[in-house]
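Residue numbers (UniProt numbering): 1 to 60. Using N, Cα and C, we set each Cβ at its ideal position, and we do this for glycine too.
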């Protein structure tokens, strides 16, 4: 991985269901990023602001 800068319109991926992920997804959307979230359950609040939602087991 390099030290690349992300700009609005780029895609940001978030893995997990933590409260930090919720805040990150909300902030990224407000700043104009596309958001992909990988969470462990369909009821995860982190998925609410995601453009792409992926639900699965982390150990899969």
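Just grab the DSSP bridge partners of residue i for me.
i	result
residue 39	55
residue 12	35
So is residue i buried or exposed if we call it buried at 16+ other beta carbons inside 10 Å?
i	result
residue 27	exposed
residue 39	buried
residue 57	exposed
residue 13	exposed
residue 32	exposed
residue 22	buried
residue 37	buried
Using only alpha-carbon positions, find the residue among the options that is nearest to residue i.
i	options	result
residue 34	43, 41, 47 and 42	47
residue 52	21, 6 and 11	11
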